[in-house]
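Student: Residue numbers for the sequence shown follow our numbering, so the first one is 176 and each next one is one higher.
We put the CB at the ideal spot given by N, CA and C, even for glycine.
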Amino acid sequence: MDKFSDYPTSLTAPARDAAAIVPSDAADLAVLPRALFIGQTGDVAARLAGGQTVLFRNVQAGSVLPVRVARLNATGTTATDIVALW
């Protein structure tokens, strides 16, 4: 039983779904996530939902990066075990 089913899902609500993602310089993510979970420490190169490209340096393992990412670029991304949360 979901006691929160009557409440709307907001950007600050816990994620309802997740999927491991593989960085790509050519393909956008199938779903626009609300955040990324970083499994192993490294850099995260991404194109955000607003179109800006950014490099997050030295994102620590276990971090949740609260950004809406359209594409996770392979070039520049050294972090691994990344999971999209939405």
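Going by beta-carbon coordinates alone, are Val242 and Ala221 separated by less than 8 Å?
Tutor: Taking the sequence shown and counting its residues from 1, one reaches residue 242 at position 67. Taking the sequence shown and counting its residues from 1, one reaches residue 221 at position 46. Going by C-beta atoms, Val242 is nearer than 8 Å to Ala221.
Student: Of the choices Leu240, Gly237, Val239 and Phe231, whose alpha-carbon is the least far from that of Thr253?
Tutor: Translated into the one-based positions of the sequence shown, residue 253 becomes position 78. When only C-alpha atoms are compared, the closest one is Phe231.
Student: How long is the line joining the alpha carbons of Ala194 and Val206, rounded to whole angstroms?
Tutor: The sequence position of residue 194 within the sequence shown is 19, counting from 1. The sequence position of residue 206 within the sequence shown is 31, counting from 1. Put simply, the backbone Cα of Ala194 is about 9 Å away from that of Val206.
Student: Which residues in the same chain as Arg246 place their Cβ atom closer than 6 Å to its Cβ, once the five residues preceding and following it in sequence are excluded?
Tutor: Here residue 246 refers to the residue found at position 71 when the sequence shown is read from its first residue. Here the set comprises Asp203 and Arg222.
Student: Less than 8 Å between the CB atoms is what I'm expecting for Ala236 and Gly214, so what's the real figure, rounded?
Tutor: Translated into the one-based positions of the sequence shown, residue 236 becomes position 61. Translated into the one-based positions of the sequence shown, residue 214 becomes position 39. With a contact defined as Cβ atoms closer than 8 Å, Ala236 and Gly214 qualify at about 6 Å.
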